[in-house]
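One structure is given here, and the rest of the page talks about it.
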Amino acid sequence: KCTGDGECVDVCPVEVYELQDGKSVVVNEEECLGCESCVEVCDQDAITVEEE
Numbered sequence: 022k023c024t025g026d027g028e029c030v031d032v033c034p035v036e037v038y039e040l041q042d043g044k045s046v047v048v049n050e051e052e053c054l055g056c057e058s059c060v061e062v063c064d065q066d067a068i069t070v071e072e073e
């Protein structure tokens, strides 16, 4: 579903994502704050945040 627009990369306050080969990839999942800013900006509904 990811279109690689980078919105999640830009909005994440702790750099959980980075763009690789035109797609957003989770590189620092353990740093995720659970703020769901990435979910809100993703027009493709490609991101889900699991609660612990």
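Just so you know, we're using our numbering here: the sequence shown kicks off at 22 and counts up by one.
Yeah, the Cβ is synthetic: ideal placement off N, Cα and C, and Gly gets one too.
All values reported here derive from a predicted model rather than from experimental measurement.
- In chain order, what residues of the same chain have a beta carbon less than 7 Å from the beta carbon of V30, not counting five sequence neighbours either side? Y38, E39, L40, S45
- Message: Is the beta carbon of C33 closer than 8 Å to that of C63?
- Response: no
- For the beta strand (DSSP E) holding E39, just list the boundary residues, first then last. 38-41
- Query: In three-state terms, what does DSSP make of V47?
  - Reply: strand
- Query: What are the boundary residues of the alpha helix (DSSP H) that E73 is part of?
  - Reply: Taken as a continuous stretch (DSSP letters only), E73 belongs to no alpha helix (DSSP H), as it is neither H nor E.
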